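Residue numbers (my numbering): 34 to 410. Note that CB positions come from ideal geometry on N, CA and C, so glycine has one too. Fair warning: this is a prediction, and the values are worked out from it, not measured in the lab. Report on the following structure.
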């Protein structure tokens, strides 16, 4: 199914949403502000909390060289195969950095833990995007997809994520966290309409079945495009009251996540220069393209959705580049090549393997990256 058709069906589902509403445990805004996953303590932050700024600042300043390599992975659905191939090819070509900070949103969230754990996990990463589980990711829910949230079943996405979120992966993430690394994944909390940033290293360090379950559910939530997949309900508690928050795709709030908005808006000094080498992988194309749009509902919805997505990426790029220009970090950007099909919902084997190969080829040729200034292309 193409992006235009999916966008149209999602809009239809929204129009019919009032026909069936599933019950939820009530809770107050005050309770939500104090809530956290049971037994975990502080493992997530809203995007404007000072604690998040301090956590990120600490990770960006702990490298013995005084320099830090960071990686930000964007959304893009099936296009995430490009970013996965890029990392795999980078390992083969040599020179892949030891990333101190890795962040992920949507499909980038699925890649982020494996990128953070290091090149030893490259084969798992390749299988996640080109193996049999991803090919069957979109399984329709029939009429229920129009009456309750999500056109496609949650189970295939769950099977994909739980297939590689193993105890071994959690131990690898915890080990990198202990070395001073930071792995952040963003979801969108629909109840508060805010970006929620999860410290995945802290979750992994907790260990045990509950940590594995929360780790996986956060990844699933971040990759659950509203209207396409059902939202993820994450159980939390506040003052003894247990309830569930509704989380969806982190890309709903931000195309990718490198620095918190509060930090991007900082006009004064943030201390000594950061000396961060930030690599941003956009799993899609960001340049405007010409096409005569058919005068019909689905093509108009699809074209509008794609235009808005590109504009969102460019806006975050500009604000991030302006911050880096002022505070001493440089940006290298990689985007899906223009000769590849940009279709976030094409999980066919041919498309996924083509994008993975394109990422590998870009890394091997040295043409994967372009420098970004305060006025990116």
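| query | result |
| --- | --- |
| Name, in chain order, the residues that DSSP records as bridge partners for residue 276. | 269 |
| Return the first residue and the last residue of the alpha helix (DSSP H) that residue 363 is part of. | No alpha helix (DSSP H) contains residue 363, which is instead part of the beta strand (DSSP E) from 362–368. |
| So residue 117 and residue 162 are in contact, right, with Cβ under 8 Å, and what is the actual spacing, rounded? | 4 Å |
| CB-CB under 6 Å to residue 290, same chain, minus the five flanking residues each way: which ones, in chain order? | 136, 138, 219 |
| Please classify residue 329: does DSSP put it in a helix, a strand, or coil? | coil |
| For residue 132 and residue 164, what's the separation of their Cα atoms in angstroms? | 26 Å |
| Which of the three DSSP states, helix, strand or coil, is assigned to residue 123? | helix |
| Compute the beta-carbon to beta-carbon distance between residue 217 and residue 231, rounded to the nearest angstrom, for a pair I have assumed lies under 8 Å. | 7 Å |
| What would DSSP say about residue 255, mapped onto helix, strand or coil? | helix |
| Residues in its own chain within less than 8 Å of residue 369 by CB, not counting five upstream and five downstream? | 109, 112, 115, 315, 316, 317, 318, 375, 388, 391 |
| Quick check on residue 157: does DSSP put it in helix, strand or coil? | helix |
| Suppose you measure from the CA of residue 378 to the CA of residue 169; what does that come to, to the nearest Å? | 11 Å |
| Please classify residue 222: does DSSP put it in a helix, a strand, or coil? | strand |
| In this structure, does DSSP put residue 230 in helix, strand or coil? | strand |
| Can you tell me the Cβ-Cβ gap for residue 207 and residue 238, rounded? I've got them flagged as a contact below 8 Å. | 4 Å |
| Excluding five sequence neighbours on each side, which residues of the same chain lie with their C-beta closer than 7 Å to the C-beta of residue 144? | 106, 113, 116, 117, 137, 158 |
| List the endpoints of the continuous alpha helix (DSSP H) containing residue 311. | Not the alpha helix (DSSP H): residue 311 falls in the beta strand (DSSP E), residues 309–315. |
| Quick check: what's the CA-CA separation for residue 347 versus residue 273? | 43 Å |
| Once DSSP output is grouped into helix, strand and coil, what is the label at residue 102? | strand |
| State yes or no: is the C-beta of residue 286 within less than 8 Å of the C-beta of residue 340? | no |
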